[in-house]
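Please read the structure below before turning to the comments.
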Amino acid sequence: MENSQYKIQGLDLHDVCKRFGTPLYVYDADVIKRQFENFSNAFSGIDHRIMYAVKSCTNLSIMKYMRFLGAGIDTVSIPEIKMGFKVGFKPEEIVFTPNVVEFHEIREAVEFGVPINIENLQNLEAFGKEFKSAYPVCIRLNPNMLSEIESGRATSLDFASINKEHYDEVGEQQVSAWHNQSKFGISLMEFDKVLELVKKYNIRINGLHLHSSHVILDKKVFAKGVKIVFEIAKLFDHLEYVDFGGGIMVKHHPDDIVIELDETGRILKKEYDKFCVSIDKRIKIWFEPGRYLMSEAGCLLTKAVVLKTNGFINFVGTNTGFNHLLRPMMYDAYHEIVNLSNLCGELEKYNIVGNLCEIDNIGTERMLNKVRKDDILMIKNAGAYGFSMSSNYNTRPKPAEVLIINGRAELIRKRENFDDLIRNQIELDF
Ligand SMILES: Cc1ncc(COP(=O)(O)O)c(C=O)c1O
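So this is what it looks like as structure tokens:
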């Protein structure tokens, strides 16, 4: 077998590495487009908008390509909003969804005229005091839904029956299932306070937000969540959209459970249609996918630089590490690794490690085609939260980024050099 198996749009990745060096992030525009279209088709019966979560891959050219495909953007900081303007997004095509930020950032977003998502009572009160009904705002809800996907059990607390005692009853184990999301959004247990603030300051709520996250994996829980949100939505006369956030997974490992997006679309459409009839108005549905659009579209190409063994484990030492791809070390995330340079080689077991002076596992106990010095390894599913979470730890430059589009490999970020590494440092005289 030749390397053609891993050609992207007709380009041999070895040639791409020769031209741009390694480590190298490579994104395939055709895969981004495919994912965008899959997402769009799944919700085609619904008046929806895809707001690409910029934080997943924060590159001007990727943002511009998303705009070309018809997406808006989901931003979490003021610089991300500014980047959006730089590549041509209009204010109404950008949503600002920050988490626990100081109020001045929200004020700045108002000055920019972008839709804003508020996720805590403190900022909602400050917003009400300052803007009253002059600027509409969306609120992010934490629906107190607890799902235990692994055990197949799914529980959600009824909007109508939410109270503190009930919440305490569900127990620590279930609460931990929602743990990753627990700091986000306004808890439904505090929903009466939202209503008080809305009334007190005459705040114009034009959107409701529920981050889908892993909850969307469980059809029953998702259906319940959707019902709850539409029930709440009826309380707001100025409602224009419901935003179901992001968190829609793609497969990293063959055993990963991912959702059937078409099925999710059907669940949502049923409730959406009922809701629109009940309020006699068609609202919009927004989504903020990052991972779904970018994960499979990107890979990190790295070189095997040192082969060694400790007598038990064979190590492949690479010229990258968790400074470039944090996910394996931070989340214990699985990323498939392929030896592009020896696709027919005998399978051997390796630990693939990075070069940082820390434990720096990229993949452990992996069966790879025999790895030789200077072979090129492809770390898959690295398009989302790859480069954007990278750092200069160990004073190593960040990789270059390349977008393969229309059969051409285009550099979209230069590799850093020594000057970049020390640019903002100030050397004192002693
Ligand atoms: C509010 C919100 N929107 C969108 C996203 C993007 O999530 P993902 O890239 O998993 O789709 C996140 C991620 O945490 C989020 O918190």
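The sequence shown finishes on residue 431 if you use my numbering, and the numbering steps up by one all the way, no holes.
We put the CB at the ideal spot given by N, CA and C, even for glycine.
None of these values were measured; they are calculated from a predicted model.
Paired residues, beta bridge with M52 - DSSP: M52 is bridged to G73.
Is the distance from the Cβ of F316 to the Cβ of Y351 below 8 Å? In contact: F316 and Y351 (Cβ atoms closer than 8 Å).
Please list, following the chain, all residues that have a C-beta closer than 6 Å to any non-hydrogen atom of ligand 2. This structure simply doesn't include ligand 2; it includes ligand 1 instead.
How would you call G322, buried or exposed, if buried means at least 16 neighbouring beta carbons within 10 angstroms? With 16 or more other Cβ atoms within 10 Å, it is buried.
Start and end residues, alpha helix (DSSP H) containing M379: It is not in any alpha helix (DSSP H) - M379 instead sits in the beta strand (DSSP E) that spans I377 to I380.
Let me confirm a value: D48 is counted as buried when at least 16 other C-beta atoms fall within 10 Å, else exposed. Which label applies? Exposed, by the Cβ-count rule.
For D421, which of F231, A401 and A410 has the nearest alpha-carbon? Closest by alpha carbon: A401.
Expressed to the nearest angstrom, what Euclidean distance is found between the alpha-carbon atoms of K133 and F192? Distance between the alpha carbons of K133 and F192 is about 19 Å.
Quick check on L429: does DSSP put it in helix, strand or coil? It is coil, neither helix nor strand.
Just checking my contact of V115 with I140 at CB under 8 Å: how many whole Å lie between their CB atoms? V115 to I140, Cβ: 16 Å. No contact.
According to DSSP, is A30 helix, strand or coil? Reduced to three states, the DSSP call for A30 is helix.
Could you check the C-alpha separation between D361 and G299 for me, to the nearest Å? Going by the C-alpha atoms only, they are around 21 Å apart.
For the putative contact between L122 and I187, defined by C-beta atoms under 8 Å, what is the C-beta separation to the nearest angstrom? Yes, they are in contact, since the Cβ atoms of L122 and I187 sit about 6 Å apart, within 8 Å.
Hey, would you say L211 sits closer than 8 Å to A43, going by beta carbons? In this structure, A43 does not lie closer than 8 Å to L211 by Cβ.
Selected residue, minimal CA-CA separation from M76, among V55, P92, K65 and F86: A quick correction: the sequence has Thr, not Met, at residue 76. Nearest option by C-alpha distance: V55.
If you follow the alpha helix (DSSP H) that M84 is in, where does it begin and where does it stop? From DSSP, the alpha helix (DSSP H) with M84 extends over I79 to K87.
Could you check if Q36 is buried or exposed, using at least 16 other CB atoms within 10 Å of its CB as the buried criterion? That one is buried.
Can you list the alpha helix (DSSP H) stretches of 4 or more residues lying completely in the stretch 248 to 317, in chain order? 262 to 280 and 292 to 295, all fully within the stretch 248 to 317.
Locate the alpha helix (DSSP H) running through G129, then write down its first and last residues. Per DSSP, G129 belongs to the alpha helix (DSSP H) from L122 to F132.
Give a yes or no on whether the C-beta atoms belonging to L357 and N311 are separated by under 8 Å. No. Outside cutoff.
Could you have a look at D244 and say whether DSSP puts it in helix, strand or coil? The answer is strand: DSSP assigns D244 an E or B state.
Measure the CB-CB distance between A224 and M295 and report whether it falls below 8 Å. No. Outside cutoff.
Of all the options K220, K270 and P290, which has the alpha carbon lying nearest to the alpha carbon of R283? Answer by Cα proximity: K270.
Please state whether the Cβ-Cβ distance between I377 and Y28 is less than 8 Å. No. Outside cutoff.
Please check the pair E81 and N100, which I expect to be a contact at CB under 8 Å, by giving their CB distance rounded to whole angstroms. For E81 against N100, the beta-carbon gap comes to about 13 Å, at or over 8 Å, which does not count as contact.
Do you know offhand how far R20's Cα is from I107's? The alpha-carbon atoms of R20 and I107 are separated by roughly 43 Å.
M368 versus I338, N382 and S391, residue with shortest Cα-Cα distance: For M368, the closest alpha carbon among the candidates I338, N382 and S391 is that of I338.
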